[in-house]
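Undergrad: What follows is a single structure, and I will ask about it in a moment.
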Amino acid sequence: MKTLGHFAKAALATGILFVAAGAHAAGSLDLNLGPDAVQFEAAGEIAHGVMLGGGVLHSDYREDATIYHAQLLGAQRTRERDVGIGARWTQYDTDYGNGGGLGLGGYGYVYLPQAPAVSVGGYGFYTPSVVTSGDLDDGYEFGVRARYAFTPNVDGYVGLRQAAADFDNRHGNRTLDRGAQVGVRLSF
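Read in order, the letters of the sequence shown are residues -25 to -1, 1 to 163 in mature numbering (1 follows the signal peptide of the UniProt record, and there is no 0).
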């Protein structure tokens, strides 16, 4: 039931993001599942090439961990590539410690010329200790994915993800999620 509460908060935050972005703007919804984790993300274009988004990752990889994020990215999507770079606020709510911070990162995917429905790439975000609060010293999340476009608006994907944080307490550096994932992304 605790996970359901996290997703209710994420749904509320997503609604606020879409109201702020405007209903007419391009956007996406993303849901992925792994052996120990579930992640939901939403993003909307607030101006041409500028995406505002957020999401929540809940993992029982070793202990209970929920990671929230909100991000603002410059993005470009063409038939050859899909890239974005910018800033992300990440908030950690874990059994090891709590805290948040501002980090940088992005994503990048290339479409295969011989199979234009297939794209490969990954993403990564790092939060250094100079811009953190609470128990958080630093943290990161990165992953790699292979995507397949079933329709122009629906991508399915498989990938690998790792999320970790270093806490300023007796727990120190902890891997919060690691493993395979399968997901779907809806674009509109």
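Backbone N, C-alpha and C fix where the C-beta goes; we use that ideal spot for every residue, glycine too.
State the DSSP-derived secondary structure class of Ala(-5), mapped to helix, strand or coil.
TA: Confidence at Ala(-5) is low in this model, with a pLDDT of 49, below 50, so the placement of that residue should be treated as unreliable; the coordinate-derived value is given next. Looking at Ala(-5) - three-state DSSP - the assignment turns out to be helix.
Undergrad: Going by DSSP in three states, Asp110 sits in which element: helix, strand or coil?
TA: Reduced to three states, the DSSP call for Asp110 is coil.
Undergrad: Could you check if Arg56 is buried or exposed, using at least 16 other CB atoms within 10 Å of its CB as the buried criterion?
TA: Looking at its Cβ environment, which holds fewer than 16 other Cβ atoms inside 10 Å, Arg56 is exposed.
Undergrad: Quick check: the Cα distance between Asn7 and Gly28, rounded to an integer number of angstroms?
TA: Approximately 16 Å between the Cα atoms of the pair.
Undergrad: With contact counted as at least three CB pairs below 8 Å, one residue from each stretch, are the segment 144 to 153 and the segment 74 to 88 in contact?
TA: No, they do not touch.
Undergrad: My assumption, with CB atoms under 8 Å, is that Leu135 sits in contact with Gly114. Please give the rounded CB distance.
TA: That belief does not hold up - the Cβ atoms of Leu135 and Gly114 are roughly 18 Å apart, past 8 Å.
Undergrad: Is the separation between the beta-carbon of Arg160 and that of Leu47 shorter than 9 Å?
TA: It is not a contact, given that the beta carbons lie outside the stated cut-off.
Undergrad: Measuring straight from C-alpha to C-alpha, what distance separates Thr69 and Pro103?
TA: Cα-Cα distance, rounded: 18 Å.
Undergrad: Tell me whether Gln51, by its Cβ, gets closer than 8 Å to a heavy atom of the ligand PLP.
TA: Here there are no bound small molecules, and the ligand PLP is not part of this structure.
Undergrad: Leaving out five residues on either side along the sequence, give the residues of the same chain with a beta carbon under 6 Å from the beta carbon of Asp143.
TA: Correct list, in chain order: Asp110 and Asp112.
Undergrad: Would a C-beta distance cut-off of 9 Å place Ala12 and Tyr43 closer than the cut-off?
TA: In this structure, Tyr43 does not lie closer than 9 Å to Ala12 by Cβ.
Undergrad: Take Tyr82 as the anchor and find which of Ala45, Val95 and Val58 has the nearest alpha-carbon.
TA: For Tyr82, the nearest C-alpha among the options comes from Val58.
Undergrad: Report the residue ranges of all beta strand (DSSP E) runs contained in full by the segment 11 to 36; include only those spanning at least 3 residues, in chain order.
TA: Counting whole runs of 3 or more residues, the segment 11 to 36 contains the beta strand (DSSP E) stretches 12 to 22 and 25 to 34.
Undergrad: For the beta strand (DSSP E) containing Gln51, list its first residue and its last residue.
TA: Segment Ala40 to Arg52, the beta strand (DSSP E) holding Gln51.
Undergrad: Determine the closest residue to Gly131 out of Gln137, Arg122, Tyr67 and Ala139, with distance taken between C-alpha atoms.
TA: It is Arg122 whose Cα lies nearest to the Cα of Gly131.
Undergrad: Measure the C-alpha to C-alpha separation of Ala140 and Leu151 and round it to an integer number of angstroms.
TA: Straight-line Cα distance between these residues: approximately 7 Å.
Undergrad: Quick one: which unbroken beta strand (DSSP E) runs of 3-plus residues sit fully inside the segment 63 to 112? Chain order, please.
TA: Here the runs fully enclosed are 73 to 87, 90 to 102 and 107 to 109.
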